[in-house]
Amino acid sequence: MVFTNTKESGLEALIVKWLVEQNGYEEGTNADYNKEYAIDETRLFRFLQDTQPSQMGKLGVFQSEQKKRQFLNRLQGELVKRGIVDVLRNGIKVYPVDLIMFYLTPTENNEKAREMFQKNIFSVTRQLRYSQDAGKLALDLCLFINGLPVITFELKNQLTKQNVDDAVRQYKDDRDPREMLFQFKRCMVHLAVDDARIKFCTRLAGKDSWFLPFDKGYNDGAGNPPNPNGLMTDYLWKDILTKEKLTLIIENYAQVVIEVDEDTKKKKEKQIFPRYHQLDVVTKLLSDVRENGVGHRYLIQHSAGSGKSNSIAWLAHQLIGLEQDGRPMLDSVIVVTDRRILDKQIRDTIKQFMQISNTVAWAEHSGDLTKAITDGKRIIVTTIEKFPYIVPQIGTTHKENRFAIIIDEAHSGQSGRNSAQMNLALSGLASDDEMDNEDKINAMMEGRKLLNNASYFAFTATPKNKTLETFGIPYQDGDEIKHRPFHVYTMKQAIQEGFILDVLRNYTPIDSFYRLMKTVEDDPMFDKKRAQKKLRNFVESDNYTIAKKAAMMVDHFHEQVIAKGKVGGQARAMVVTASIPRCIEYYYAINKCLSERHSPYKTIIAFSGECKYNDQEPPLTSTGMNGFPDAKIPRTFKADPYRILIVADMFQTGFDEPLLHTMYVDKMLYDIKAVQTLSRLNRCHPKKYDTFVLDFANKPEIIEESFSRYYRTTILSGETDPNKLYDLVTTMEGHQVYSGDDVEHLVNLYLNGADRDKLDPTLDACTAIYMQLETDDQIKFKSAAKAFCRTYGFLGAILPYGNADWERLSIFLNLLIPKLPSPREDDLSQGILEAIDLESYRNEARESMSIKLEDSDSEVAPVPAGKVGHIIEPEIDLLSVILSDFNNMFGNINWNDADNVRRQILEIPAMVSRDEKYQNAMKNSDEQSARLESERALQQVIFAIMADNMELFKQFQDNPPFKKWLSDLVFNLTYNKEGKPYEAPPQEHKSIVDNFESQQKMQMIAEEQTPYEEKSE
1 MVFTNTKESG
11 LEALIVKWLV
21 EQNGYEEGTN
31 ADYNKEYAID
41 ETRLFRFLQD
51 TQPSQMGKLG
61 VFQSEQKKRQ
71 FLNRLQGELV
81 KRGIVDVLRN
91 GIKVYPVDLI
101 MFYLTPTENN
111 EKAREMFQKN
121 IFSVTRQLRY
131 SQDAGKLALD
141 LCLFINGLPV
151 ITFELKNQLT
161 KQNVDDAVRQ
171 YKDDRDPREM
181 LFQFKRCMVH
191 LAVDDARIKF
201 CTRLAGKDSW
211 FLPFDKGYND
221 GAGNPPNPNG
231 LMTDYLWKDI
241 LTKEKLTLII
251 ENYAQVVIEV
261 DEDTKKKKEK
271 QIFPRYHQLD
281 VVTKLLSDVR
291 ENGVGHRYLI
301 QHSAGSGKSN
311 SIAWLAHQLI
321 GLEQDGRPML
331 DSVIVVTDRR
341 ILDKQIRDTI
351 KQFMQISNTV
361 AWAEHSGDLT
371 KAITDGKRII
381 VTTIEKFPYI
391 VPQIGTTHKE
401 NRFAIIIDEA
411 HSGQSGRNSA
421 QMNLALSGLA
431 SDDEMDNEDK
441 INAMMEGRKL
451 LNNASYFAFT
461 ATPKNKTLET
471 FGIPYQDGDE
481 IKHRPFHVYT
491 MKQAIQEGFI
501 LDVLRNYTPI
511 DSFYRLMKTV
521 EDDPMFDKKR
531 AQKKLRNFVE
541 SDNYTIAKKA
551 AMMVDHFHEQ
561 VIAKGKVGGQ
571 ARAMVVTASI
581 PRCIEYYYAI
591 NKCLSERHSP
601 YKTIIAFSGE
611 CKYNDQEPPL
621 TSTGMNGFPD
631 AKIPRTFKAD
641 PYRILIVADM
651 FQTGFDEPLL
661 HTMYVDKMLY
671 DIKAVQTLSR
681 LNRCHPKKYD
691 TFVLDFANKP
701 EIIEESFSRY
711 YRTTILSGET
721 DPNKLYDLVT
731 TMEGHQVYSG
741 DDVEHLVNLY
751 LNGADRDKLD
761 PTLDACTAIY
771 MQLETDDQIK
781 FKSAAKAFCR
791 TYGFLGAILP
801 YGNADWERLS
811 IFLNLLIPKL
821 PSPREDDLSQ
831 GILEAIDLES
841 YRNEARESMS
851 IKLEDSDSEV
861 APVPAGKVGH
871 IIEPEIDLLS
881 VILSDFNNMF
891 GNINWNDADN
901 VRRQILEIPA
911 MVSRDEKYQN
921 AMKNSDEQSA
931 RLESERALQQ
941 VIFAIMADNM
951 ELFKQFQDNP
961 PFKKWLSDLV
971 FNLTYNKEGK
981 PYEAPPQEHK
991 SIVDNFESQQ
1001 KMQMIAEEQT
1011 PYEEKSE
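Here the sequence shown is numbered in this note's numbering, starting from 1 and rising by one per residue.
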């Protein structure tokens, strides 16, 4: 009776059987393998003799052993220097001949190329004995093309209680990277495979070998889906290792790239192999364009850590190679990005793939872009801002051209006006000097639309509703038309596969507790809602408050980040602030804290433009404060002594620094801004195992809601209703600020290029009418006008039919709106800041938490249209009531046994002051040394009273802010240079009681776990 072979050899046999019987491979033997040169010598010479007999005759390889060895030495040298991929792609030169080592994918209708491709020999050898020195060492599988090794395999089987991680360990422990077969670039990739998972590595380096997943993904996460027809990993041999697909990877994906260190100018080689989702998205996009032609839209939702730059480069490179009936399907591929760093990164990556470098252009200036398009460059890398400047300069010669437009970070790279100008430029509609105004209106209307002669590929990790509606795939769900991405690689999968870190795993919200007091005798009335906002801003911007928060940040950075050796002792931190003035205040406050604790570390500040901080002249700039240009910040931040970067609206997107470990947030964040900002921490580093977020400004629920939208697939729940535009027009016309004649007259002047002073009379007349409206009507008109421009700017791109009246009105309103002053509302909270003062403030860390995101697809609502503003009636209340509510909101938490705690706190200072070592330190040492003895003595006293008051003991041990408050109180009351014991006079007792009661109102009972501490699994 024969049972199923469930051993590793069974999996090995299964794979080889498929490769040989289904994929047309040959099965090699150890006898064919030359260990000295790491080649299948039999098949190498058979391939060369079969395909290039004349060249082989000239080389005389088969006539003498010496010539054969000379040839093999030359081949060896080329493989070592250039690598297997380049040798297969471009062959080798051996005097006096050029040899083709691999026949690439044949072009359409090229029978000779097809015939030569069939002569390639794909082979696989089992249990390959690869080592000259250790003859018994055997590799599970090795795959060869024309005798040259391309892929190695280590196989494991879960049924024998081993998995892919054991295969990885085998590569790291047992496969010596000095062996010829395992040397860098000698093979394209090394695969660790079991029946459920696949991992790959392009550079074996012992324990430092870095293996990445090559899985399809399952349930939007890591792993592979169950396979009803076989093993979960059989896509490897049934799809990836077919002759055609493997050839495609060698031709268009695998690559050795050279990275240059900007500081040292040292060059480092890196071998690239595509991850499964990269191969999958490019393959599916190319297939769809081949099948459905040019003129479609694709949204690719790929998380941070997905390798988007390579995906874009591979797509651009292969789009220009698409052919139909022997002609290119596309004339130019335009890669549009909003980040200069990525601009260069994508350009460099594409150039590595291109055989002819002059087909790639980098448009740094608008003139370059114009020239690149008119010269018919095949790939152009640029930024969206350059398009508006080239519309008048581009002729009609290219309007018959077909374009592919790849947009990086689509939510920011497709702003309405810039993208409309881009479409107009590429359509060639704006270039006819003899157009009348109606033609120009029609051209502008068409320019808003996404082009029929272009395919759009929009990449983003965080698709907004506009992006989904513009580029997503529409589908019916009940009565609603929803939109979804064409391809998804989720944040969930990126985290589970280890490409990015989970930044919400150690998230610590910081609660602020403070009390405000009245400084005026009377009790005036104020607008309650506005007053609360002003009071919060007053407290959070106060110098004392900033100093307290800065101290907490600096303490945490030194005690929980530096002391614990995060990122191998190289960890950096970022402080995110709400405004430039607050950024500057934090810079000074943090520097003061660093100086006081004699820290070796320094800060860098980053904000754009100038700031007259405290009316300072000349104004401050971050360049001036740092002593080096802003452009050098990313590089300087990597080097000591710089460890803390303090920012205001800079480096919150597109800043990928793996050493960045901790973030201190003092700015309200929501939705995409929250995801983009906190995601600055998620970049991986070999020694980075976690991240910290300390958040002074946001509620965990808001952060959770923001991230949940983009954790898995994001879907648009419905479409924007264009009829809302009619409702907005009706609202505006009801106020009679403008007439149809005004619109017609002004737009004609504008389109005919009239002088600026010809436009103002009409605009000023309309503004005068607007000024006569009641405040509520002004709000309604202006909000309707803004909503119309915003909504039409978006809908104009996707509606199948244009509307000339809407286009005219859009031009008119875009000129009118800047003229309309904001409606003046009485600020009924004015003067409140002059009537109050900060009585007390403290902040306290809650228990560090791991925010868990909902494991399901998320829906976002369509673009809101037709909403018109109105006056919100203020709620007026007494100052005393407003302060009471405010203090209750931010300070009222009670102890369990306040009387007992109060009694003991009154006794503690005297007990500490009687400590003999503390008394000696006060008399004979400096204040700092005395303070250390005071804290030691306090610790002993707290332990001594533990049995009497466990609540006080727990607060002292587990709650750092309370411990600091009590330590400060005791030292300030007891310290004297004579070293005398402390005796509290009656009024002093009252002062302590008052101080304690204020503390009591603000105190938060500590949880059992110490704040900041990493959670144990």
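Just so you know, even glycine gets a beta-carbon here, dropped at the ideal spot from N, CA and C.
By the criterion of a C-beta distance shorter than 8 angstroms, K687 is surrounded in its chain by V567, G568, Q570, once the five residues flanking it on both sides are discounted. In this structure, Y37 sits near Q76, with a CB-CB distance shorter than 7 angstroms. With distances taken between CA atoms, E21 lies nearest to S123 out of K35, S123, M56, K93. In the three-state scheme derived from DSSP, where H, G and I count as helix and E and B as strand, F812 is classed as helix.
For the region 459-522, the full-length beta strand (DSSP E) segments reaching 3 residues or more read 473-477, 480-484, 487-489, 507-518 along the chain.
Of the residues I151, D195, D194, Y218, the one whose Cα lies closest to the Cα of L204 is I151. Just so you know, the alpha carbons of I905 and N976 end up roughly 20 angstroms apart. For C142, the three-state secondary structure derived from DSSP is strand. According to DSSP, residue pairing for A167 in a beta bridge does not occur.
Taking the C-beta atoms as reference points, M650 is found nearer than 7 angstroms to A606. For I240, no beta strand (DSSP E) run applies, since DSSP gives it neither H nor E.
L659 sits in coil when the DSSP states are folded into three classes, being neither helix nor strand. About 6 angstroms separates the beta carbon of L716 from that of E469, a gap short enough to meet the 8 angstroms contact definition. Here R582 carries a helix assignment [DSSP, helix/strand/coil]. For secondary structure counted as the beta strand (DSSP E) over 3 or more consecutive residues, the region 84-143 holds these complete runs in sequence order: 92-94, 97-99, 122-128.
With fewer than 16 other Cβ atoms from the protein chains shown falling within 10 Å of its own Cβ, T775 counts as exposed. Note that the C-beta distance between I811 and V747 is below 7 angstroms.
When the five nearest sequence neighbours on each side are left out, the beta carbons in the same chain lying within less than 7 angstroms of the beta carbon of G472 are those of L299, H483, R484, P485, L716, in order along the chain. Taking the CA atoms as reference points, L241 sits about 31 angstroms from T359. According to the DSSP assignment, R683 belongs to no beta strand (DSSP E), since it is labelled neither H nor E. Nearest to K549 by C-alpha distance, out of K564, R572, Y588, is Y588.
Take I495, set aside five residues on each side of it, and the residues of its chain with a beta-carbon closer than 6 angstroms to its own are D502, in chain order. If only complete runs of 4 or more residues are kept, the region 545-599 shows the alpha helix (DSSP H) at 580-596, in order along the chain. The region 305-337 contains, as complete alpha helix (DSSP H) runs of 4+ residues, the segments 308-319 (chain order).
Across the set E400, Q127, G718, K112, the C-alpha of G718 shows the shortest separation from the C-alpha of D477. Here the region 216-230 does not lie against the region 246-261, with fewer than 3 beta-carbon pairs under 8 angstroms apart.
If you draw a straight line from the Cα of L212 to the Cα of V87, it comes to about 25 angstroms. Counting only runs of 3 or more residues that sit fully inside the region 609-671, the beta strand (DSSP E) segments are 642-647, 660-666, in chain order.
Rounded to whole angstroms, G60 and P149 show a C-alpha spacing of 24 angstroms.
For G734, the enclosing alpha helix (DSSP H) stretches over residues 723-734. Going by beta carbons, I320 and V333 fall inside the 7 angstroms limit.
T691 carries a coil assignment under DSSP once its states are collapsed to helix, strand and coil. If you draw a straight line from the Cα of E701 to the Cα of S512, it comes to about 17 angstroms. Taking 7 angstroms as the cut-off, the Cβ atoms of D671 and S706 count as close. Each of L751, N803, S929, K819 was checked against the Cα of P761, and the nearest Cα belongs to K819. For H302, the enclosing beta strand (DSSP E) begins and ends at 297-302.
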